[in-house]
Amino acid sequence: MRKFLTWRKTISGKLTSIYLLMFIIVLLLLNTAVYLGLNYFLKNNARNSLDKTMNFLSTRLLQYNYYDTDLMEEISRSEGNIYFRVLSTNRNIRFQSNLLEDVEIPVTQGYQELKIGDRSFIYTTRFILDRGIFIGYIQLVREMTSEYSFLRSLLLVITVTSLLGAFAAIITAHTITRKTLRPIISIMDTAKEISGSDISRRLEISGPEDELTELTRTFNSMLDRLEKAFQGQRQFVSDASHELRTPISVIQGYANLLDRWGKEEVAVRDEAIEAIKKEAANMKTLVESLLFLARGDGNKISINKSQFYLDELIEEVVQETLLITDKLKVSTTGLEKMLINADRELIKQMLRIFIDNGIKYTPAGGELRIGLAREDNWALLTVEDTGIGIPEEALPHIFERFYRVDKSRSEKKGAGLGLAIARWIIEKHHGQVEIFSSPGHGTRVLVRLPFAGFQQ
Ligand code: ADP
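Residue numbering for the sequence shown follows the working numbering, beginning at 386 and increasing consecutively.
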């Protein structure tokens, strides 16, 4: 019972029920129409033959005043299984067919049913009028046994074939809907088998092109995307752990050194403290970057946009940069007044990333130029350096997380997260970024941000 109830809730169960219901309604209407039609036809036929014989007999009775029972019996029989009884005005039987002897036939109007033994009849009664004077009754009885038995057999045949038909309909509807919906069931089964650790399973695409093959394809492509996202996530965690292991080992090493020698030897102690401080700072930067990207992926970073002048922000960052580095010539070229609508903090962070990279990857004595111009509806920011550049084969990868061209190229180590963060910020502002570079000659970063206003 429980299984039936849950089956009724499934799509194939519902479709089968609807199909079955419609089939039963059609069958019922059709069979009822056939049965009632035939029933009407047979009874009507019998009544007509009764009327016909009645007319003939009454005329005959009056015309010849002829009471020959045998003849009347013959005449009435010629209409097929019709028997008669003639009554006087006070309802005494004057004469009748042999069959009707000892049978009580009430005098009533219309057509009535009558049973003699196990045989069925219908009968009708009429007044006999002779030139307007009532002289008695005539009753005609017609046998209906074979008609009724035919109708009973018909009802049985109809019921049995309807039940068989309904049963066949259940089986067919269930088989067809199950077959049609098989891809959905296989999607369900696959979805159940898929877990976080194994997302490599895919559904087989078979059968004719229809909505279900489309659904299968959509499901598979969703799995492709999920698998890629899962892999990315796993890679991110493994890269992050790897990056964190180095500073932790260094800190651990220096802590051991301090423990063994640091108490007596001041030089060792100072060196260890300095190294620990440096590594802790590196770790802090790394953890902050990781946190930024993780929160970014989870849409947890709120973007607080406001209108501000990008040229003023560039000046501010450049001034701060000049305070901490003097190995390069940092300059701004032709900064146009440019109003943008953006998150000031995030744009500043992005600027820092490009400027820091310029400084990191440009040998002392090199140059770093920052420019700002208008290009159509964009504010076009350029950060250009005369540094070591980026090899062509590395350019497509530099925005990937943890990607570094060559870990030994700079003395100031980065984790390869800066450009990934910068790109995230630019995309969140509906901007674009491009990097052009030639090894040995320098790198040029182009950032386009939607432009909000222009100062005349
Ligand atoms: P990192 O923290 O290592 O600098 P980024 O994501 O900022 O990470 O940069 C990725 C890689 O791209 C760097 O490791 C570096 O090799 C290369 N790169 C980025 N900016 C420059 C630049 N201005 N000049 C040369 N190489 C660069």
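Ideal Cβ placement from N, Cα and C applies to all residues, glycine included.
If you reduce the DSSP assignment to three classes, tell me which class residue i lands in.
{"i": "residue 717", "result": "strand"}
{"i": "residue 770", "result": "strand"}
{"i": "residue 831", "result": "strand"}
{"i": "residue 445", "result": "helix"}
{"i": "residue 476", "result": "coil"}
{"i": "residue 590", "result": "coil"}
{"i": "residue 753", "result": "strand"}
{"i": "residue 819", "result": "strand"}
{"i": "residue 694", "result": "strand"}
{"i": "residue 811", "result": "helix"}
{"i": "residue 648", "result": "coil"}
{"i": "residue 801", "result": "coil"}
{"i": "residue 712", "result": "coil"}
{"i": "residue 747", "result": "coil"}
{"i": "residue 654", "result": "helix"}
{"i": "residue 436", "result": "helix"}
{"i": "residue 790", "result": "coil"}
Are residue i and residue j close, meaning C-beta to C-beta below 8 angstroms?
{"i": "residue 530", "j": "residue 568", "result": "no"}
{"i": "residue 496", "j": "residue 485", "result": "no"}
{"i": "residue 716", "j": "residue 754", "result": "yes"}
{"i": "residue 615", "j": "residue 786", "result": "no"}
{"i": "residue 743", "j": "residue 774", "result": "no"}
{"i": "residue 718", "j": "residue 747", "result": "no"}
{"i": "residue 405", "j": "residue 551", "result": "yes"}
{"i": "residue 414", "j": "residue 547", "result": "no"}
{"i": "residue 685", "j": "residue 728", "result": "no"}
{"i": "residue 842", "j": "residue 499", "result": "This structure cannot settle anything about residue 842, because the visible part of the chain is limited to 386 through 841."}
{"i": "residue 402", "j": "residue 566", "result": "no"}
{"i": "residue 434", "j": "residue 504", "result": "no"}
{"i": "residue 523", "j": "residue 471", "result": "yes"}
{"i": "residue 808", "j": "residue 784", "result": "yes"}
{"i": "residue 819", "j": "residue 831", "result": "yes"}
When DSSP builds the beta bridges, which residues end up paired with residue i?
{"i": "residue 528", "result": "506"}
{"i": "residue 521", "result": "513"}
{"i": "residue 836", "result": "725"}
{"i": "residue 339", "result": "Because the chain spans 386 through 841 in this model, residue 339 falls outside it and cannot be assessed."}
{"i": "residue 763", "result": "760 and 835"}
{"i": "residue 470", "result": "481 and 524"}
{"i": "residue 490", "result": "Note: residue 490 sits in no beta bridge, so no partner."}
{"i": "residue 501", "result": "504"}
Nearest to residue i by CA position, among the options, is which residue?
{"i": "residue 766", "options": "783, 773 and 758", "result": "758"}
{"i": "residue 806", "options": "691, 697, 670 and 719", "result": "670"}
{"i": "residue 493", "options": "502, 512 and 480", "result": "512"}
{"i": "residue 570", "options": "395, 599, 400 and 555", "result": "395"}
{"i": "residue 834", "options": "751, 732 and 746", "result": "732"}
{"i": "residue 466", "options": "487, 431 and 489", "result": "431"}
{"i": "residue 829", "options": "740, 725, 503 and 403", "result": "740"}
{"i": "residue 709", "options": "745, 780 and 656", "result": "745"}
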